[in-house]
Each structure stands twice: as structure tokens, then as C-alpha cells.
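First the structure, in the form of C-alpha cells, and then the observations on it.
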Amino acid sequence: TIYHDYMGIGKWACDEWKANLPLTKDYKEFIKESRKKIEIKFVKVKGHSGNKYNEMADKLARDVLK
253 TIYHDYMGIG
263 KWACDEWKAN
273 LPLTKDYKEF
283 IKESRKKIEI
293 KFVKVKGHSG
303 NKYNEMADKL
313 ARDVLK
């Protein structure tokens, strides 16, 4: 199960949004191939709302970009 705060993460993977850019096309293909081996579920969480683990993921992402 993948928890995410950006709607596109689940929408591209579940073929609800069209992938136009090379990055999103590659992501969509990666999920498609991965689903042949494992079950993948997507859960949208509200961003910047005090969710402990979402805040932790945001901090880790910011730290990596520094």
C-alpha cells in the first residue's frame, strides 16, 4: 500500500489520468510491470494536515534536496 498526498501518484498508476510526460509515462509503466509481481494499492492522504507519517516523508524529501 502506497500512501501519498499528491493525487497524480494514484491517478496515473490506475489509468485515471493520461501520462503525457516522459517521467509520468515511465512511472505508469513501472507500476504496470510491478503489478504483475505484487499487489499495489494507493491511498490518498491530505497533505500538510498534521499526518505524522506524511509530515515525516515531506521532511525526508526536503532534507534530500538540500
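Note that my numbering numbers the sequence shown so that position 40 is 292, with each residue one more than the last.
Positions of the beta carbon are idealized from the N, C-alpha and C atoms, including for glycine.
In this text, all values refer to a predicted model and were calculated from it rather than measured experimentally.
Item	Value
So, is alanine 313 buried or exposed, given that buried needs 16 or more other C-beta atoms within 10 angstroms?	exposed
Among Lys318, Ser301, Asp315 and Glu285, which has the Cα closest to the Cα of aspartate 257?	Ser301
Who are valine 297's beta bridge partners in DSSP?	None; valine 297 has no bridge partner.
Express the C-alpha separation of valine 316 and glycine 262 in angstroms, rounding to a whole number.	23 Å
Can you check whether the CB of isoleucine 290 is closer than 8 Å to the CB of alanine 265?	no
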